[in-house]
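Following: one structure in structure tokens, then a few remarks.
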Amino acid sequence: MIPVEHALHIIDGTVVAEHIKKVKIAKSLGYILAEDISAPINMPSFRQSAMDGYAIIWSDSTHYTVTEEAQAGDAKHIPLQAFEAVRIFTGAKVPDDADTVVMQEHVTKQDNSITITKMPNKGSNVRPVGEQVSTGDLVLKKGLKLNEAAIGFLAGLGIKTVAVFKTPKVSILVTGNELQKQGKPLKEGAIYESNSVMLKMALHRFGIKHVKVFHTKDTLKATKKSIKNALAYSDVLLISGGISVGDYDFVKEALGKNDVDELFYKINQKPGKPLWFGKKDQQFVFALPGNPASALSCFYVYVLPLLKKCSGYSDYHLPRIQAKSDTEFKNTSGKTLFLKACLKDGTVSILPSQQSSMLNTFATSNVLLMVPEDVEIIKKQDIVTCINLESYGN
Ligand SMILES: Nc1nc2c(c(=O)[nH]1)N[C@H]1C(S)=C(S)[C@@H](COP(=O)(O)OP(=O)(O)OC[C@H]3O[C@@H](n4cnc5c(N)ncnc54)[C@H](O)[C@@H]3O)O[C@H]1N2
Ligand code: MOO
0 MIPVEHALHI IDGTVVAEHI KKVKIAKSLG YILAEDISAP INMPSFRQSA MDGYAIIWSD
60 STHYTVTEEA QAGDAKHIPL QAFEAVRIFT GAKVPDDADT VVMQEHVTKQ DNSITITKMP
120 NKGSNVRPVG EQVSTGDLVL KKGLKLNEAA IGFLAGLGIK TVAVFKTPKV SILVTGNELQ
180 KQGKPLKEGA IYESNSVMLK MALHRFGIKH VKVFHTKDTL KATKKSIKNA LAYSDVLLIS
240 GGISVGDYDF VKEALGKNDV DELFYKINQK PGKPLWFGKK DQQFVFALPG NPASALSCFY
300 VYVLPLLKKC SGYSDYHLPR IQAKSDTEFK NTSGKTLFLK ACLKDGTVSI LPSQQSSMLN
360 TFATSNVLLM VPEDVEIIKK QDIVTCINLE SYGN
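Going by numbering that gives the first Met the number 0, the first residue of the sequence shown is number 0, and it counts up by one from there.
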């Protein structure tokens, strides 16, 4: 059995290959940029008016004659002399000879002449060429998570496609003869299968929408075959159940028979002690304990970071935050605990139903309170470390 920090260190040390694809920018939301982006054009690419008003050659005079009009989109060259003004609109090309735009609110107009009531500084309201970025500037760096602002910026630069990190293909393999689908009354000795739905939702929340689910009966032969089938489909395989020490827990042996190399098995933690992690070439396998709260807790602490790493994130662990506990809790297990808890206004409450079979209070948890293996008691007012379950894909 290895300590939690050791298992996390193994996840951190796992080298993942860069899988990259080109996508249209409108399909790139939420992906991590896999290339540096240099500006292909100046932005703006011409001197732009920042206001609706009048373009002039700045002088001490407040009187100007309006000679022409420049609309947004106009490309024509408009010559301008001293004491002349060009009626201009926001976004329009400022005549080459003009150096200043006066807002129309600071002007009174009589026929074709204007009087400036509030003279701006020379150069006002003219956006210079390349004010935002210049051609060739490194404007977005590889590793950035693409949000709507970044995509809007790319669109403004005229860029149509970008290279992003692919999200891994994930499949789930569910083990357990006792499992029954929803829709019919429970048979004696059976339970409704919930882990595949839960894990699928956790993957959906991260942005992995297409998840293939496999099922196997609890025999070595069937488990071995199902793992083979699931591996044929996936970059990352999540197995639920069958990883403990019972006579019908065949997952570990079946993984060995499929040449998946073990990277760790059994962590000194609760829940999730029998978590197994391994690798076959560039494919990764997590065998998650079947108890629902164990499976979900392991997903947050170990699986999600690996998925984020494969997807190009450099900061891939869920953030840890410090909070004040309002609950006393004894840790007599000598294990690191991940407790279902609710954080509000800097104070964290440990919830009831901590057993690994129970999801009822996980449903209202927004953090996992982490109790290190050597801490025997958490007292009220103690500052504790919490894993934030809400800032998921940042
Ligand atoms: N003698 C020992 N027994 C157990 C140990 C141990 O160290 N020695 N470890 C316990 C711990 S801790 C855990 S966690 C579980 C993990 O067992 P498995 O990963 O082999 O999981 P299963 O036995 O298949 O299932 C455990 C539990 O979860 C329910 N389950 C399973 N799959 C699903 C599903 N898809 N949806 C909902 N619920 C599921 C299953 O019915 C069991 O109740 O082992 C302990 N035993
Ligand atoms: O590790 Mo198990 O998840 O404690 O029940």
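Where a beta carbon is used, it is the ideal one built from N, C-alpha and C, also for glycine.
Just so it is clear, the structure is predicted and the values come from calculations on it, not from any experiment.
Is there at least one non-hydrogen atom of ligand 1 closer than 7 angstroms to the beta-carbon of residue i?
i, result
"Cys174", "In the sequence under discussion, the amino acid at residue 174 is Thr, which differs from the Cys named in the question. Within the cutoff, so yes."
"Lys272", "yes"
"Ile266", "no"
"Ile226", "no"
"Val212", "no"
"Glu448", "No statement about residue 448 is possible, as the shown extent of the chain runs from 0 to 393 and does not include it."
"Ser185", "For the sequence presented, residue 185 should be read as Leu rather than Ser. Leu185 Cβ: outside cutoff for every heavy atom of ligand 1."
"Asp248", "yes"
Sorted by chain position, which residues of the same chain lie with C-beta nearer than 7 angstroms to residue i's C-beta, five sequence neighbours on each side aside?
i, result
"Ala253", "Leu219, Thr222, Lys223, Ile226"
"Gly333", "Glu372"
"Phe263", "Ile1, Ala6, Ile9, Phe276"
"Ile56", "Leu79, Ala81, Asp96, Ala97, Asp98"
"Asn228", "Phe213"
"Gln61", "For the sequence presented, residue 61 should be read as Thr rather than Gln. Same-chain partners within the cutoff: Thr114, Ile115, Met118."
Flag residue i as yes when its Cβ comes closer than 7 angstroms to any non-hydrogen atom of ligand 2, and as no otherwise.
i, result
"Gly129", "no"
"Thr339", "Note that residue 339 is Lys in the sequence shown, not Thr. Answer for Lys339: no, Cβ out of range of ligand 2."
"Asn290", "yes"
"Lys251", "no"
"Ser293", "yes"
Quick one: residues in its chain with C-beta nearer than 8 angstroms to the C-beta of residue i, no 5 flanking neighbours on either side, listed in chain order?
i, result
"His209", "Lys168"
"Cys341", "Val347, Ser348, Leu350, Thr363, Ser364, Asn365, Val366"
"Leu185", "Gln179, Tyr191"
"Phe88", "Ser48, Asp51, Ala69, Gln70, Ala71"
"Met357", "Pro291, Ala292"
"Gln321", "Ile382, Val383, Thr384, Cys385"
Between residue i and residue j, how many whole angstroms is the CB-CB distance? I'm expecting something under 8 angstroms.
i, j, result
"Asp258", "Lys278", "About 10 angstroms; that fails the 8 angstroms criterion."
"Ile207", "Ser27", "The pair is not a contact, with the Cβ atoms about 16 angstroms apart (cut-off 8 angstroms)."
"Leu295", "Ala201", "7 angstroms"
"Arg204", "Tyr391", "6 angstroms"
"Val106", "Arg86", "Not quite, the Cβ-Cβ distance comes to about 10 angstroms (not below 8 angstroms), so this is no contact."
"Leu198", "Phe298", "6 angstroms"
"Ala38", "Thr166", "With 8 angstroms as the limit, Ala38 and Thr166 do not qualify as a contact, their Cβ atoms being about 28 angstroms apart."
Which residues does DSSP pair with residue i in a beta bridge?
i, result
"Lys159", "In the DSSP output, where bridge partners are listed per residue, Lys159 has none listed."
"Thr360", "In the DSSP output, where bridge partners are listed per residue, Thr360 has none listed."
"Lys323", "Thr346, Ile382"
"Gln282", "Lys279"
"Val22", "Val161"
"Phe45", "DSSP, once it has assigned bridges, lists no residue as partnering Phe45."
Below 6 angstroms CB to CB, which residues in the same chain sit around residue i once its five sequence neighbours on both sides are set aside?
i, result
"Pro43", "Arg126"
"Glu67", "Ile77, Val85"
So within the region 64–89, which uninterrupted beta strand (DSSP E) runs reach at least 3 residues, ignoring any that extend past its ends?
Whole beta strand (DSSP E) segments, 3+ residues: 83–87.
Alpha helix (DSSP H) runs wholly inside the region 129–200, at least 4 long, in chain order
Complete alpha helix (DSSP H) runs here, min 4: 147–155.
At 3 residues or longer, and completely inside the region 202–250: list those beta strand (DSSP E) runs for me, N to C.
List check, beta strand (DSSP E) in window: 210–215, 235–239.
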